[in-house]
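K.L.:
What follows is a structure written as structure tokens; I'll ask about it next.
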Amino acid sequence: MSPDPSPDPSPDPRYDVGYDKLKIDTPADGVLRITISEPGRLNAVDTTAHRELGEIWRDADRDDTVRSILVRGEGTAFSAGGDLSMIEEMMADHAVRLRVFTEARDIVYNVLNCSKPIVSAIQGSAVGAGLAVALLADISVAGRTARIIDGHTRLGVAAGDHAAIIWPLLCGLAKAKYHLLLCEPVSGEQAERMGLVSLCVDDDQVHDKAMEIAVRLAAGSQEAIRLTKYSLNNWLRLAGPSFDASLAMEFLGFTGPDVAEGVRALREKRPPSFG
């Protein structure tokens, strides 16, 4: 797996305050690049990153200099999923569950409602909240060996997050059920064939291709592109009640016994043994 070969420009000073786990820069005119940055842990999303992934889209939407957005993970992974410590906090504390529930809802709806077109560069593992952003992006570019996994049922909770709102529309209900019920991984090549991602390229071309697309979007008619995005995303807004219900069912699971076994199994690197 080749890491992103492009140099990192200086961080954008407009986003210095309020973002610790997201690196934000402007690599091309009108293009805002958001990098999920927890490289020692494959960009796992902890409490801070989860909150920031819900907020950044509103800030970018209000920024008149931004015409397109590129989101990626630092290094060789997009994001390895939710931090287990955050999950354990959610299991133990209702107030934490309620806060993270609101953030999870914000991640999905703020990506959908951001008027600027969003491109995701999916390399390596894409799981959890990071996967929600990757697949909800307007154009998704995956590496051939990218590994897309919705791991909710393996953890012992319902596939809430983004699954109900986007997977059936992208790849059909039969494929969605197969991969969501079984937590069956999807490679970048498979994802393109299924319609789960927009485009699959060689691993070492992911970031360059995503940047090329973001630059093209930034150079296009902003009114036409944004209104087209808004119109198309009405398909996803129609699925909003299904998403809301699935998210509630997921968070109900954090109060039950199965998730405790799911977390233990992940920590012990073994298959879970549910009752």
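Take the sequence shown: its position 131, counting from 1, is numbered 947 in our numbering, and each next residue is one higher.
Glycine included, C-beta positions come from ideal geometry on N, C-alpha and C.
Since the structure is predicted, the reported quantities are computational estimates derived from the model, not experimental observations.
Count the other C-beta atoms from every protein chain shown that fall within 10 angstroms of the C-beta of G1072, then say buried if there are 16 or more, exposed otherwise.
P.N.:
Counting from one through the sequence shown, the residue named residue 1072 turns up at place 256. Flag for G1072 reads exposed.
K.L.:
Could you tell me which residues DSSP pairs with T851 in its beta bridges?
P.N.:
Taking the sequence shown and counting its residues from 1, one reaches residue 851 at position 35. DSSP, once it has assigned bridges, lists K839, R888 as partnering T851.
K.L.:
Go to G959, then tell me how far its alpha helix (DSSP H) extends in each direction, as first and last residue.
P.N.:
Indexing the sequence shown from 1 puts residue 959 at position 143. If you look at G959, you'll find it isn't in any alpha helix (DSSP H); it sits in the beta strand (DSSP E) that goes 955-959.
K.L.:
For the putative contact between V935 and L989, defined by C-beta atoms under 8 Å, what is the C-beta separation to the nearest angstrom?
P.N.:
Start at 1 with the first residue of the sequence shown, and residue 935 comes out as number 119. Start at 1 with the first residue of the sequence shown, and residue 989 comes out as number 173. Not quite, the Cβ-Cβ distance comes to about 27 Å (not below 8 Å), so this is no contact.
K.L.:
In the region 1002-1057, which residue ranges form an unbroken beta strand (DSSP E) of at least 3 residues, counting only runs that do not cross its ends?
P.N.:
1015-1017
K.L.:
Work out the CA separation of A876 and S818 for me, nearest whole Å.
P.N.:
As a working note, residue 818 is residue 2 in the sequence shown. As a working note, residue 876 is residue 60 in the sequence shown. Caution applies to S818, whose pLDDT of 46 falls short of 50 and renders its modelled position unreliable; the value that the coordinates give is listed next. Taking the straight line joining both Cα atoms gives about 29 Å.
K.L.:
Considering only residues of the same chain and omitting the five flanking positions on each side of L997, which have a CB-CB separation below 7 Å?
P.N.:
The residue you call residue 997 lines up with position 181 of the sequence shown. Counting only Cβ-Cβ distances below 7 Å, and skipping sequence neighbours, we find T969.
K.L.:
For R883, count neighbouring Cβ atoms within 10 angstroms of its own Cβ and tell me buried if that reaches 16, exposed if not.
P.N.:
Within the sequence shown, numbered from 1, the residue matching residue 883 stands at position 67. By the neighbour-count rule (16 or more Cβ atoms within 10 Å), R883 is buried.
K.L.:
Pull up the distance between the alpha-carbon of D954 and that of P933, whole angstroms please.
P.N.:
Taking the first residue of the sequence shown as position 1, residue 954 is located at position 138. Taking the first residue of the sequence shown as position 1, residue 933 is located at position 117. Straight across, the Cα-Cα distance linking D954 with P933 is about 6 Å.
K.L.:
Please classify R1080: does DSSP put it in a helix, a strand, or coil?
P.N.:
Start at 1 with the first residue of the sequence shown, and residue 1080 comes out as number 264. Correct three-state label for R1080: helix.
K.L.:
With a 10 Å radius around its C-beta and 16 neighbouring C-beta atoms as the bar for buried, classify N1050 as buried or exposed.
P.N.:
Counted from its first residue, the sequence shown places residue 1050 at position 234. With fewer than 16 other Cβ atoms within 10 Å, it is exposed.
K.L.:
Quick one: any contact between the region 895-906 and the region 1019-1039, if contact means 3 or more CB pairs under 8 Å?
P.N.:
In this structure the region 895-906 does not touch the region 1019-1039; the number of beta carbon pairs closer than 8 Å is below three.
K.L.:
Taking the C-alpha atoms as reference points, what is the distance between V1002 and H995?
P.N.:
As a working note, residue 1002 is residue 186 in the sequence shown. As a working note, residue 995 is residue 179 in the sequence shown. Approximately 8 Å between the Cα atoms of the pair.
K.L.:
Mind checking S1058: buried by the 16 CB within 10 Å criterion, or exposed?
P.N.:
One-based indexing of the sequence shown puts residue 1058 at position 242. It is exposed - the Cβ of S1058 has fewer than 16 other Cβ atoms within 10 Å.
K.L.:
Ends of the beta strand (DSSP E) at V882?
P.N.:
Here residue 882 corresponds to residue number 66 of the sequence shown, with the count starting at 1. Neither: V882 is in no beta strand (DSSP E) and is coded neither H nor E.
K.L.:
Do the region 942-958 and the region 977-989 meet, that is, are 3 or more Cβ pairs less than 8 Å apart?
P.N.:
yes
K.L.:
When you compare each of V957, R915, V1031, D1019 to G1011 by their alpha carbons, which one comes out closest?
P.N.:
To locate residue 1011, count along the sequence shown from 1; it is residue 195. For the residues V957, R915, V1031, D1019, the minimum Cα distance to G1011 belongs to V957.
K.L.:
Assuming S1014 and V943 make a contact with CB atoms under 8 Å, what is their CB distance in whole Å?
P.N.:
The residue labelled residue 1014 in the question sits at position 198 within the sequence shown. The residue labelled residue 943 in the question sits at position 127 within the sequence shown. With 8 Å as the limit, S1014 and V943 do not qualify as a contact, their Cβ atoms being about 19 Å apart.
K.L.:
Give the straight-line distance between the Cα atoms of I938 and V1022, rounded to the nearest whole angstrom.
P.N.:
Taking the sequence shown and counting its residues from 1, the one referred to as residue 938 is at position 122. Taking the sequence shown and counting its residues from 1, the one referred to as residue 1022 is at position 206. Each residue's alpha carbon lies about 7 Å from the other.
K.L.:
Since C999 and I965 should fall inside the 8 Å C-beta cutoff, what is the C-beta to C-beta distance between them, to a whole number of angstroms?
P.N.:
The residue you call residue 999 lines up with position 183 of the sequence shown. The residue you call residue 965 lines up with position 149 of the sequence shown. With 8 Å as the limit, C999 and I965 qualify as a contact, their Cβ atoms being about 6 Å apart.
K.L.:
Tell me the rounded alpha-carbon separation between S1089 and H866.
P.N.:
Indexing the sequence shown from 1 puts residue 1089 at position 273. Indexing the sequence shown from 1 puts residue 866 at position 50. Whole-angstrom Cα-Cα distance: 28 Å.
K.L.:
For R960, which residues of its own chain have a beta-carbon under 8 Å away from its beta-carbon, when the five flanking residues on both sides are left out?
P.N.:
Translated into positions along the sequence shown, residue 960 becomes position 144. Once the five neighbours on either side are set aside, the close Cβ partners of R960 are S1003, G1004, E1005, C1016, V1017, D1018, D1019.
K.L.:
Going by DSSP, name the residue or residues bridged to A937.
P.N.:
Residue 937 sits at position 121 when you count from the first residue of the sequence shown. Beta-bridge analysis with DSSP links A937 to V957.
K.L.:
By a C-beta neighbour count over all protein chains shown, 10 Å radius and 16 as the cutoff for buried, is Y1046 buried or exposed?
P.N.:
As a working note, residue 1046 is residue 230 in the sequence shown. It counts as exposed.
K.L.:
Between the C-alpha atoms of R857 and R888, what's the straight-line distance to the nearest angstrom?
P.N.:
One-based indexing of the sequence shown puts residue 857 at position 41. One-based indexing of the sequence shown puts residue 888 at position 72. Going from the Cα of R857 to the Cα of R888 covers about 15 Å.
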